[in-house]
Structures are given as C-alpha cells and as structure tokens.
Amino acid sequence: MPEAEVAASGATTGSDPLWWRQSLVYQIYPRSFADANGDGIGDLRGVTSRIPYLTQLGVDAVWLSPFYPSALADGGYDVDDYRDVDPRIGTLRDFEQMVAALHAVGIRILIDIVPNHSSDRHAWFREALAGAPGSPARARYIFRDGRGADGSLPPDDLTSLFGGSAWERITEPHGTPGQWYFHFFAKEQPDFNWDNPEVHEDFLRTLRFWSDRGVDGFRVDVAHGLKKDMDAVERGGWTTDPEEVFAREGHPLWDRDDVHDVYAEWRRVFDEYDPPRMAVAETWVPLHRMTRYAAPEGLGQAFNFDLLKADFDAVQFRRIIDSSLDFATASGASTTWVLSNHDVVRHATRYGLPKGASRTGRGTDGVDWLFSGGDPAEVDAAAGLRRARAATLLMLALPGSAYIYQGEELGLQEVGQLPDAVRQDPIFHRNAGVEVGRDGCRVPLPWEPEGPSFGFGADGSHLPQPAWFRDYAVSTQDTDPASTLNFYRRALALRHDLQGAETLAWRASGSPDVLHFERPNGWQVVANFGTAPVPLPPGDVLVASSPLDGGVLPGETSVWLRS
Ligand code: GLC
Ligand code: CA
3 MPEAEVAASG ATTGSDPLWW RQSLVYQIYP RSFADANGDG IGDLRGVTSR IPYLTQLGVD
63 AVWLSPFYPS ALADGGYDVD DYRDVDPRIG TLRDFEQMVA ALHAVGIRIL IDIVPNHSSD
123 RHAWFREALA GAPGSPARAR YIFRDGRGAD GSLPPDDLTS LFGGSAWERI TEPHGTPGQW
183 YFHFFAKEQP DFNWDNPEVH EDFLRTLRFW SDRGVDGFRV DVAHGLKKDM DAVERGGWTT
243 DPEEVFAREG HPLWDRDDVH DVYAEWRRVF DEYDPPRMAV AETWVPLHRM TRYAAPEGLG
303 QAFNFDLLKA DFDAVQFRRI IDSSLDFATA SGASTTWVLS NHDVVRHATR YGLPKGASRT
363 GRGTDGVDWL FSGGDPAEVD AAAGLRRARA ATLLMLALPG SAYIYQGEEL GLQEVGQLPD
423 AVRQDPIFHR NAGVEVGRDG CRVPLPWEPE GPSFGFGADG SHLPQPAWFR DYAVSTQDTD
483 PASTLNFYRR ALALRHDLQG AETLAWRASG SPDVLHFERP NGWQVVANFG TAPVPLPPGD
543 VLVASSPLDG GVLPGETSVW LRS
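Going letter by letter, the sequence shown gives residues 3 to 565 in my numbering.
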C-alpha cells in the first residue's frame, strides 16, 4: 500500500460516502497557484506549502487541473502520460506528500482525468505514427485516409472546437504524406477511439492508479465527448460548428447515449474503494441530458454551468436555481454551482461588462461558450466585483456543491491585456486576431504586494502579472476585515451550518429584482440584483456581500440573516 494511502486511512477526512453532496471545492490550476522552487511555474510543493491558506479559507476539497507530463499545447489538457507528474511540477513522491498533508487537515482531493484525447506525445500516439494504416496501434485513435486522388484533402470538413480543421495529416514512417487523424480540440490532442477495448482498460488502470494514491475523486474532462460515430456524421450531414455541437441534440460525436456504458464501468472501479471515489462530469450539455452523467450508477455528479452562463439578473438566477434543484431530484445527485473556472472570464469581470455585451473577446465567431475575452476598456471593475460578491454569496447559500476557482476569493479581475507574444491558449493561436483565449484567468496568483512575481515564486511567472495585481495580494487582504478574502472566509465558515436538508423555500420578496429564500436551518438569504436599496427583512446579519446601511439592503448586495 503506498504511503499516502496509509496516511489517508488514518486521516481526518472520514469515510462518509456522500461527503461530496454539499462540499465546497476549490479549483487549483497548478501551474499558476504557487511556485515553491522559483522557476516561474507553480508546482505541487507550492500547493503543499499553501495548505494553511486553504485551511483558513475553509475549503472541503481541492480539484487540481492536470499536472501530468505535457507539452502544454492546451495548458496540460494534452496529457503525455496519465500516471505520472510533470517533472517541472514535481514528482509522484511530491504528489503523495501533498495528498497526505491535505488529508491530515481534512481536505479532500479531486484530480482531472482527460479521457477524450491524449497528447500527440503520448506513447500510444507515437506508436500509432510508427505503425501502418489499419494497424492495432492506429486503432486506438481515429485515423482515416484523406480525400482526393493523393489523399491530400481531409476526410471531411469537420472543424475543431478550437478553430480550424478537426483533421491533421501525418507523415508516414517512410516519409510520405499519409493518413489523417481527428482532433476535436488542438492538433496536439488526438481523440481516442472509445470503441477500442484497450482504451477502456487503460483508463480503468489510471483510475485505480490514483485511487490507490489516496485521491478522493475525479473531475472528468469533456465527459460527454468520448463516443463517436464518424460514419453517421457523413451520412447525416452534421457539422462540428459550436452552434450545432452545443445546441442541436442527437449529434453523432457528442453526448451519445452509449458514453454512459463507459461510466458504468468506471463506477464499478470507484465502488471498489471505501469510501467510493466520487466523480464530477464536465458536461456542456442541456440540463435534461445531464441527468445520466450525474446518476449514482454513472459518474455521480456533473457540472452545471447554467449559472455561469447567466447575466447578473434575478429572473435568470431564479429560473436556473429552480431547474437545477429539479435536476438534482431527477438525477439523485446534488446539483453543482459554478461561477468561474479556468475556461471562462472571471465573474468579477463578466459582471462588469455592459449587460448583453459580447463576451467573446475581439470578435464574434460564435465561440460564445468560452466567453474568452471581454474588452478591458469596457469593464467596470468595481461594479463587477460588487455583483460578483453578491452572486457568490447567493450561490454559497444554495443546496448542493459549490466549485470556486483560485483567485476568485481575492476578487481578482480577468487579465484582459496580455501581449500576444506571451499568450499560451491554443484558442488564441488557432484564431489569432479573433479570440483572445483563456490565459487571462490563468495568470499566477498575487500572494504579496511586492516582489518580482508578487510572492508567487522567486523570480517571474510563466504568464506575466499586471502591476494592478498588487492591489489584490493575499497578504494585504488577510489583515483587512472588509477584503474579499475575509468575506469568502466568513461565508465558507458559516456555510457548514447550511448543510442540512438539500432544500430551500422561496419567500415573497416584494420586488422582481430581489430573491429571498429560507434554508431548513431557518436562515434567510436575500439577494438584491437591482440598484435601488430595499428594506432588509428582520434578523441578525450573519454576512453581507457589501457594507449594509441601517435597515436597508443596498443595491447589488446579498445577505444571510438569522431570525
Ligand atoms: C475542457 C477543459 C479545457 C480544455 C478542454 C480540452 O473543456 O476544461 O480547459 O481546453 O477540455 O481538453
Ligand atoms: Ca516551480
């Protein structure tokens, strides 16, 4: 038994199999969190060194985005080896020590599993390149002959979700131009063939590998993408335009019913452990299609991005809360709430954009789902942060599990103005001049107001931090009672008292801009989405998202009350 597992069995995380239902999960983007050895890249020892910060914040679990060996063609979502740690980030031993140290303070850990595609440096893909057309090595991926007399045209016109063709031509071992392979994302991310039993077996091995090392659960990347019927695409005239992939149901390459056979297999592995390992599906599918991913015989939980896609608007929030709680009942899972992650513009910035503004960066080519930009000149940062705090406090009071993203507890804004030369995101590189990509939410955290990388590491950071990051530093906010950091700490500490029955009761608020509900412990939650102050219901104020003024609830402010 590995050392971390030994430590885990005596840990303070306990054996409650349903621990995840109302947990607060903090997403760490490892390369941008904390850099222990000062090479400019965040690392696992950096995470371990900041465990006191996580404890004080009051998180129940952390989710680490990929830390595997990777050329970083897509921020680590291009995995070279699923059962190792990138040497620039640490070692397996560092990983085990990190898990043991997290468990020792009662924090659980989820890791990211990327099953839709590997990187083009994965041993299997290299074997596929070295093999012949039709060989077993090629059958682990999706290879096809090109069209035209010399096969120089791609097999079809399918496009990548990151822009450009979804097909890349290879050079055969003897040096001639050869077959093509399919990639839904960047060309460095060849899609696996999930009709191949070897692919199934290998992922079961990976799930056991990490579960044996004490990992409590998995976040499953593009969970709806795995199963594909390439021939049906041709026959049915389907495209892979984001509009069609995200909006038209029944797509042969997306959210197919047979993907659930994969997760039934995974569930059997999760249930080999005590407590069973949990999983949360990344699913950009409509709520009614999400039920099976979240079902107990499937992955057990799914990201619900409806709130993240909404405006700061009472009517939209009310509708989404109701439908999400209905979804939770239908699936048997708890619902999840997300306002920010590593793929979208930070919500303190999104809410500072003029209402209805394009959230797609420099242009509008329809890739709206990533919200990959926002013109910094248009952002009202103060209003954005005020609304973000109000929306967050509302979210944290809801039944279900909340996922927060590193830096949001600092009120951090999106970095809108990175020089093109430092941008890393393949979305930028495949759509230069149109999409700015997702680097703006991945800039390393400011821990101190001074120093070459604001305390992130010794010397510089892999994405440059703007000068204004100093205003958001952890150490400054730590001692300021009114800081966003202390606001999050207070709310997260109080939130444990809300974790009884997973229900809420709406109360009449007297205004279409105000939402008011009561939780089973008797706490009242009131969110004023309008700009005008409204009367504050009676009760002791537990926490408010902005300073209160006498007996009124100011505009764009939420409050928790005990009556
Ligand atoms: C998911 C990840 C995103 C990544 C993509 C391809 O959407 O969250 O960061 O680029 O999958 O792996
Ligand atoms: Ca480092």
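Every residue gets a Cβ at the ideal spot worked out from N, C-alpha and C, and that includes glycine. Remember, predicted model here, so these are calculated numbers, not experimental data.
When THR242, ALA316, VAL222 are compared, the shortest CA-CA separation from TRP268 is found for VAL222. For ligand 2, residues qualifying as neighbours are ASP37, ASN39, ASP41, ILE43, ASP45, where qualification means a beta carbon closer than 5 Å to at least one of its heavy atoms (chain order). When DSSP states are grouped into helix, strand and coil, ALA495 belongs to the helix group.
Classified as buried, VAL81 has 16 or more neighbouring CB atoms from the shown chains inside 10 Å of its CB.
Counting other Cβ atoms within 10 Å of its Cβ, GLN408 reaches 16 or more and is therefore classed as buried. In the DSSP assignment, SER403 forms a beta bridge with THR338. Looking at the backbone, the Cα of GLN467 and that of VAL445 are separated by about 6 Å. The beta carbon of ASP542 sits closer than 6 Å to the beta carbons of ARG564 from its chain, once the five residues preceding and following it are set aside; these are given in chain order. With respect to PRO254, LYS230 sits close: the two C-beta atoms are nearer than 8 Å. Shown here for LEU555: same chain residues with a beta carbon closer than 7 Å to its own, the five before and five after excluded, namely VAL528, ASN530, PRO535, VAL536, LEU538, VAL561 in chain order.
When Cβ pairs closer than 8 Å are counted between the two stretches, the segment 47–55 is seen to touch the segment 90–103, the count reaching three or more. Using a Cβ distance threshold of 8 Å, GLU411 and THR338 do not count as a contacting pair. Per the Cβ contact rule, the segment 514–526 is not in contact with the segment 478–494 (fewer than 3 Cβ pairs under 8 Å).
In the three-state scheme derived from DSSP, where H, G and I count as helix and E and B as strand, GLN191 is classed as coil. Under DSSP, GLY166 takes part in no beta bridge, so it has no partner.
Looking at the DSSP output, PHE458 shares a beta bridge with no other residue. For ASP159, the closest C-alpha among the options GLY108, TRP240, ASP345, THR178 is that of TRP240. GLY386 is positioned such that its CB atom lies no closer than 8 Å to that of LEU420. Separation of PRO138 and ASP204 (C-alpha to C-alpha, rounded to the nearest whole angstrom) is 15 Å.
In the DSSP annotation of this structure, the continuous segment of the alpha helix (DSSP H) that includes HIS349 starts and ends at 349–352. Only residues of its own chain outside the window of five on either side were considered, and among them PHE456, GLY457, ALA475, SER477 have a CB closer than 7 Å to the CB of GLU450, listed in chain order. In the three-state reduction of the DSSP assignment, PHE272 falls in the helix class, which pools H, G and I. Nearest neighbour of ARG521 by Cα position, chosen from LEU396, PHE489, ASN118, THR285, turns out to be LEU396. ASP76 has its CB nearer than 7 Å to a heavy atom of ligand 1. For TYR79, the distance from the CB to the nearest heavy atom of ligand 1 is below 7 Å. Relative to the non-hydrogen atoms of ligand 1, the Cβ of ASP313 never comes closer than 7 Å to any of them.
Relative to the non-hydrogen atoms of ligand 1, the Cβ of PHE305 never comes closer than 7 Å to any of them.
Taking a cut-off of 8 Å for Cβ pairs, the segment 51–66 and the segment 18–37 touch, as three or more such pairs fall below it. Bounds of the alpha helix (DSSP H) holding LEU398 are 383–398. Around the Cβ of TRP525, a 10 Å sphere holds 16 or more other Cβ atoms; the residue is buried.
For HIS226, the Cβ stays outside the 7 Å cut-off from all heavy atoms of ligand 1. Classified as buried, GLY44 has 16 or more neighbouring CB atoms from the shown chains inside 10 Å of its CB. By the Cβ rule, the segment 329–349 counts as touching the segment 288–307, because three or more pairs are nearer than 8 Å.
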